[in-house]
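Following my numbering, the numbering of the sequence shown begins with 312 at its first residue and continues without gaps.
Yeah, the Cβ is synthetic: ideal placement off N, Cα and C, and Gly gets one too.
Because the structure is a prediction, the values reported are computed rather than measured.
Just below is one structure, and these are the notes that go with it.
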Amino acid sequence: MERRYERVGAGDQRLIGELLERRYRVDAPIARGGMSTVYRGMDLRLDRPVAIKVMDPQFAQDPQFLSRFEFEARAVARLSHPGLVAVHDQGVDGEHVFLVMELVAGGTLRELLRERGPMPPHASVAVVRPVLDALAVAHRAGLVHRDVKPENILISDAGEVKIADFGLVRAVAASNVTSSSVILGTAAYLSPEQVTSGYADPRSDVYATGLMLFETLTGRTPFTGDTSLSIAYQRINADVPAPSSMIPGVPAEFDQIVLQATARDPEDRFSHAGEMSAALVTAARRLQLPDYRVPAPRRSAQHLSAAMQVAGSAAPTEVSGAAAPTVSTAAPTAVVAHPAVAHSEPQPTKAVTQLTHREDLSHDPGSGHDGHAGPSGRYEFPDFAADRRRSRRAMLIWLLVIALLAAAVGVGGWWLGSGRYTSVPSVQGMDRTAATAAVEAAGLTTEIRGEYSDTAPVDVLLGTDPDSGSRVPRDGSVALLVSLGKPAVPNLTRGADIATVEDDLRSHTFVPVDGGEAFSATAPVGSVAALDPGPGTVLAVGSEVKVLRSKGSPPVELPDLRGKSVDQARAELDALGITVSDTRDVFDGDVDAGDVVGTDPRQGTTVGAGSSVTLTVSTAVKMPSMLGRSVGSARDELERLGLDVDVRRVSKSDKSLVIAQNPGVGERIEPGGTVTLTALP
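Set out below in structure tokens:
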């Protein structure tokens with residue numbers, strides 16, 4: 312099949328060495344897509360390598376795209392799964408709209424298929440299952456990928472499989488620069504509903520994953536055509552064929568999974584990725600497929616980019632028309648042409664890589680059961696039945712060898728060690744002193760261990776551990792089991808955690824059971840509030856004890872605190888489990904200064920224990936008697952109380968005597984208020 316190549320343009324090189332937002336250094340290009348370029352980069356703040364996807368400058372001027380781009384980046388960044396490429400940051404620097412992602416050292420599934428061709432079922436499971444599990448996490452979060460394809464599936468050098476480019480399809484769809492002729496997604500993997508209406512839901516991702524499973528098994532896509540649109544519209548009227556019709560040896564279980572995943576009617580497909588993953592696992596178990604670590608492609612765009620960076624050169628090289636980067640590089644809005652057809656519509660991903668010649672990898676030590684392509688060019692699937700027969704024969708041989716060795720070791724050990732053992736003497740009917748003497752006479756040491764018993768009185772000897780007659784090494788230890796009588800429910804520490812209390816109950820032979828919830832003024836919520844029966848209750852061995860969990864203090868009604876001192880009010884509220892968070896001064900003509908006027912919330916309000924209230928405290932000044940005092944003395948006293956003084960008198964002497972005052976004696980006045988004094992002469 313003819314391969315087409317394209318050099319990395321000047322736009323891909325001019326960013327090399329630049330800093331985006333004064334934090335992310337652009338080091339070397341990895342891949343060029345229809346609407347973006349992916350670079351290797353370095354996060355200078357955290358000193359870690361990253362992948363930087365830079366969108367074409369035209370998008371920086373589109374506010375709809377910028378808003379959608381930020382929204383989708385935030386949504387994807389909230390997802391956490393080993394099968395998802397992590398999104399670290401997003402931003403805009405001048406004309407550059409960019410996304411900072413985890414750098415996955417390795418390559419793409421597209422590059423691996425191009426190097427190795429079709430995969431056996433166990434290898435396909437190893438690739439597709441992590442993709443489905445990652446999609447399931449996204450589907451549960453309400454996200455749809457919309458562009459599942461081999462170019463967006465990354466395989467690390469450690470064998471991890473990850474999916475990239477979540478959210479970019481919807482972000483580009485929201486922009487004003489997208490051509491009306493472009494189908495959102497990659498034509499070879501679009502579901503029928505995406506082609507006809509542009510609508511996509513989790514079942515659309517299931518459809519694309521089913522096509523990708525078909526391609527891993529057969530090495531090709533199910534539909535071909537002259538244009539991207541013809542490829543996309545074929546699946547509206549045609550069903551995806553069974554993989555076994557394209558390449559021999561594909562199990563019927565995999566045919567069924569592919570056909571259900573790619574049903575034209577979404578209602579006939581798996582409802583979401585998690586359901587398809589479960590079906591794939593079930594099929595793998597039924598077929599007894601071996602576990603497999605997926606190898607990364609050897610000559611990937613990412614490896615070449617890393618080599619360019621190490622060599623200190625970012626010079627442009629030829630790039631494959633079907634390769635993809637270590638992170639997703641295909642512009643999610645471009646219709647991807649079938650590899651065998653050239654046309655003028657938006658082109659598929661271009662990556663910094665070289666022409667890949669597929670070679671015989673049958674002896675690759677990391678390939679496990681990979682096998683090789685047969686003379687017909689079709690994959691020769693391993694004979695798992697023969698492998699299992701050989702494995703059973705080898706297992707039987709090894710079991711026989713192990714059994715013989717065990718017998719030889721046992722006989723030798725018994726023969727050589729028989730003099731090292733002695734028997735535990737019988738202590739039945741003895742007291743503790745006599746039993747200790749009997750055990751020590753046999754050359755053994757003793758320890759005392761208490762055990763609860765429903766029948767034996769306290770301190771009665773129950774037996775030994777190991778039992779009488781057991782053979783133990785000389786100088787070994789034997790426990791004398793002494794009755795502790797019937798067990799009693801242990802004391803409860805208020806607020807103890809449930810696990811600790813349950814362990815304590817088990818140590819007393821009791822079976823802890825959930826007793827539900829109960830109010831408690833002392834135990835924190837979720838801790839143990841009480842036991843039923845209560846502590847100290849004597850029960851039979853193995854009895855059940857209910858553990859009641861605290862749901863906090865019971866609700867209380869705020870009392871009437873009017874006229875009480877602040878200390879009295881605090882004490883009364885503390886007794887109810889309510890704290891005073893603040894005090895607030897107010898004037899009340901009926902309450903002396905410093906006494907409580909009320910609470911916030913008000914008296915009679917029902918609140919939960921542990922709540923806090925604000926006390927309102929009176930600032931009213933109670934008028935003292937000024938009658939008979941000199942004007943000067945009266946003025947000094949009233950001003951000390953924070954009151955203004957108005958004196959009505961005949962002379963201006965401060966020695967005049969006060970004969971009347973307003974407000975009167977005992978009345979309450981607001982701080983800063985005016986007191987009128989009448990004096991003679």
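Which parts of the stretch 872–917 are runs of the beta strand (DSSP E), unbroken and 3 residues or longer, counting only runs that do not cross its ends?
890–897, 907–911
Measuring CB atoms only, is the stretch 345–363 touching the stretch 412–427, in the sense that at least three cross pairs come out at less than 8 Å?
Touching, yes.
What would DSSP say about D367, mapped onto helix, strand or coil?
coil
Start and end of the beta strand (DSSP E) containing R343?
Unbroken beta strand (DSSP E) run through R343: 335–343.
Does the stretch 785–795 come close enough to the stretch 835–843 to have 3 or more Cβ pairs within less than 8 Å?
no
Other residues of its chain near D965: CB distance less than 7 Å, five sequence neighbours each side excluded:
S941, V942, G943
Going by Cα to Cα distance, which pick from A543, E948, H433, S734 is closest to G787?
For the set A543, E948, H433, S734, the Cα lying nearest the Cα of G787 is the one of S734.
Beta-carbon separation (whole angstroms), P503 vs R546, contact threshold 8 Å:
5 Å
Hey, how far is the Cα of E418 from the Cα of F821?
According to the sequence provided, residue 418 is Gly. The question's Glu does not apply to it. Distance between the alpha carbons of G418 and F821: 58 Å.
Closer than 8 Å by C-beta to S1011: which residues in its own chain qualify, once you throw out the five before and the five after it? Chain order, please.
A query on residue 1011 cannot be resolved here, the shown segment of the chain reaching from 312 to 992 and no further.
Just to check, is the beta-carbon of E381 closer than 6 Å to a non-hydrogen atom of the ligand MN?
The model depicted lacks the ligand MN and carries no ligand whatsoever.
Report yes if the C-beta distance between P429 and G521 is below 7 Å; otherwise report no.
No, Cβ-Cβ distance for P429 and G521 is not below 7 Å.
Evaluate the contact criterion for the stretch 564–573 versus the stretch 588–603: three or more CB pairs, one atom per stretch, below 8 Å.
yes
So the alpha helix (DSSP H) V506 belongs to, where does it begin and stop?
503–507
Limits of the alpha helix (DSSP H) - the one that D947 falls within
942–951
Find the nearest neighbour of Y763 within the set L755, Y732, M741, G774, judged by alpha-carbon distance.
By alpha-carbon distance to Y763, the top candidate from L755, Y732, M741, G774 is G774.
Measuring alpha carbon to alpha carbon, tell me which residue in D808, P533, A574 is nearest S555.
P533
CB V958 to CB L949, shorter than 7 Å?
no
State buried or exposed for Q739, treating a residue as buried only when at least 16 other CB atoms are found within 10 Å of its CB.
By the neighbour-count rule (16 or more Cβ atoms within 10 Å), Q739 is not buried but exposed.
With H, G and I counted as helix, E and B as strand and the rest as coil, what does DSSP make of D468?
coil
8 Å Cβ shell around R743 - same chain, five flanking residues per side excluded
I759, D770, L772, L791, V793
DSSP three-state label for A746, please.
helix
Where does A971 land, buried or exposed, given buried means 16+ other C-beta within 10 angstroms?
exposed
Coil, strand or helix - A484 by DSSP:
With a pLDDT of only 49 at A484, under the threshold of 50, the placement of this residue in the model should not be trusted; the figure read from the coordinates follows. Note: A484 maps to helix in three-state DSSP.
If you run the structure through DSSP and keep just helix, strand and coil, what is H456?
coil
Grab the span of the alpha helix (DSSP H) containing H450 for me, first residue to last.
Per DSSP, H450 belongs to the alpha helix (DSSP H) from 432–451.
Terminal residues of the continuous beta strand (DSSP E) containing I759?
756–762
If we ignore side chains and look at the alpha-carbon of each, how far apart do L991 and N973 end up?
16 Å
Close beta carbons around E381, own chain, < 8 Å, minus the five adjacent residues each side:
Q401
Since I believe V856 is in contact with V800 (beta carbons under 8 Å), could you give me their beta-carbon distance rounded to a whole number of angstroms?
6 Å
Please state whether DSSP places M353 in a helix, a strand or coil.
Taken through DSSP and simplified to helix, strand or coil, M353 comes out as strand.
On the criterion of 16 or more Cβ atoms from any shown chain inside 10 Å, does P768 qualify as buried, or is it exposed?
exposed
Please report the distance separating the alpha-carbon of G984 from that of S864.
45 Å
Skipping 5 residues on each side, what residues in its chain have a beta carbon closer than 8 Å to that of L755?
T733, V735, V783, R785, D786, G787, S788, V789
Which residue or residues does DSSP assign as beta-bridge partners of G418?
I466
Enclosing beta strand (DSSP E) for S861 [first to last residue]:
855–861
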